[in-house]
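Engineer: Below are the structure tokens for one structure; questions will follow.
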Amino acid sequence: MVGTYELVVEALSVLLALATVGVCLYRRSFWQYLFLNTSLLYAAFFSIGCYYVRTAFGYSSPEYFYFYYVGDALGTIVLYLLIASFFDRLLRESVFHKYVRPTLFIFFLLVVGVSARFMLGNYDRFYSRFMAELQQNMFFVGVLLTLLLWISMGYLAAESRRFVLLVSGLGIYFASHAARYALQIVFPNQALADALTRVPPLMYTVMVLLWLYAFWRVPETEAVVEAARAAPRPALAKANLTVK
Amino acid sequence: MRRILVSCVVALCLLCGLVGLKNLVALSSGGNAPVVLAIGGSPPPPIPVRN
């Protein structure tokens, strides 16, 4: 059942996504963050489409079911491209940069191949099963790559605060899914499962809000170290005192 | 050639990680739990129950 909460979150997600794209256009960084803007525009139009299909056919209709899951599977591919672009950006100065694009391209082909391999023998419902399988696999790919991205970012000491905020947004989004699954497994309760289903759309909206903040308030050139300088860690402060 | 070979090896390692992670979740949940992502803020449709 769709209530006020769902409608508010849906409307907020569309407004924030369009606002973020608008800020990117205003700051002239649309092409620099092309995949991020593409994913935001895709999500905004997908949400509008969901609203239209839901009001036309009903929340429990098969039309809405297939529209949602097929659209979501395509959305995960757009998200994959976004994570790949983050990797490309992070490793730009690294010796591994030349391996990023071919690796992620081959990995994507492998994931599609594995998804299709699992479906062989189910030719009667190949398309719908394939989309569900691909969506699941792309979700786990998103979790895995965001974790690797976060580890690489810490290891390579990313300099741009805006970039760190953008990756953190992705982390919040995927972590909410992981936390939701963990809670469902630990507490197998239908009421809790229904309540937790409401969390991912909200976390998506929080991610877009963080991205909007990153583009609106944080300049591209602002370094991460400035924040660290403003609030020095106790160990560093102690070291400075000892030197003096 | 070396670039492609290295990329293939890394991609295969990532695929192993993916399959391992997915199997781990499937084992923990005791079945093949449907993944409900939310690209956008729309509420996910209810999963139809099979009779």
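Protein chains in written order, with this note's numbering: chain X, 833 to 1076; chain H, 64 to 114.
Beta carbons: idealized from backbone N, C-alpha and C, even for Gly.
#1: Following the continuous alpha helix (DSSP H) through X/L1041, name the residue where it begins and the one where it ends.
#2: State yes or no: is the beta carbon of X/V834 nearer than 9 Å to at least one beta carbon in chain H?
#3: Provide the residue span of the alpha helix (DSSP H) that contains X/Q1016, from first to last.
#4: Can you name, in chain order, every residue of its own chain whose Cβ lies under 6 Å from the Cβ of H/G104, other than the five neighbours on each side?
#5: Taking H/P108 as the reference, give the member of X/S871, X/A876 and X/G903 with the closest Cα.
#6: How would you write the range of the alpha helix (DSSP H) that X/E1052 sits in, first residue to last?
#7: Thinking C-beta only, is X/L914 closer than 9 Å to X/F867?
#8: With DSSP run on the structure shown, which of helix, strand or coil describes X/R860?
#9: If you draw a straight line from the C-alpha of X/A1014 to the C-alpha of H/M64, how long is it?
#10: So with Cβ pairs under 9 Å, would you call X/T978 a contact of chain B?
#11: Applying the criterion that 16 or more other CB atoms from any shown protein chain within 10 Å of the CB defines a buried residue, is X/T887 buried or exposed?
#12: Pick helix, strand or coil for X/K1076, following the three-state DSSP scheme.
#13: Is the beta carbon of X/P894 less than 9 Å from the beta carbon of H/S70?
Structural biologist: Let's see:
#1: Locating residue 1041 of chain X in the first sequence gives position 209, where the first residue counts as 1. For X/L1041, the enclosing alpha helix (DSSP H) has its first and last residue at V1031 to R1049.
#2: Counting from 1 along the first sequence, the entry for residue 834 of chain X is found at position 2. Output row for X/V834: interface = yes.
#3: Here residue 1016 of chain X refers to the residue found at position 184 when the first sequence is read from its first residue. Unbroken alpha helix (DSSP H) run through X/Q1016: R993 to V1018.
#4: Here residue 104 of chain H refers to the residue found at position 41 of the second sequence. Same-chain partners within the cutoff: there are none.
#5: As a working note, residue 108 of chain H is residue 45 in the second sequence. If we check each option's Cα against that of H/P108, X/G903 comes out closest.
#6: What you label residue 1052 of chain X is simply residue 220 of the first sequence in a count that begins at 1. Premise fails: X/E1052 is in no alpha helix (DSSP H) and is neither H nor E.
#7: The sequence position of residue 867 of chain X within the first sequence is 35, counting from 1. The sequence position of residue 914 of chain X within the first sequence is 82, counting from 1. Going by beta carbons, X/F867 and X/L914 fall inside the 9 Å limit.
#8: For the purposes of this step, residue 860 of chain X is taken as residue 28 along the first sequence, with counting starting at 1. It is coil, neither helix nor strand.
#9: Within the first sequence, numbered from 1, the residue matching residue 1014 of chain X stands at position 182. Within the second sequence, numbered from 1, the residue matching residue 64 of chain H stands at position 1. When rounded, the distance between both Cα atoms is 42 Å.
#10: In summary, chain B is missing from the structure at hand, where the protein chains are X and H.
#11: Mapped onto the first sequence, residue 887 of chain X falls at position 55. Exposed: under 16 other Cβ atoms inside 10 Å.
#12: Here the question's residue 1076 of chain X lines up with position 244 in the first sequence. Because X/K1076 carries a pLDDT of 42, less than 50, the predicted location of this residue cannot be relied on, and the following value inherits that uncertainty. DSSP, reduced to helix, strand and coil, places X/K1076 outside both helices and strands of the structure shown, so it counts as coil.
#13: Looking up residue 894 of chain X in the first sequence gives position 62. Looking up residue 70 of chain H in the second sequence gives position 7. Contact: no.
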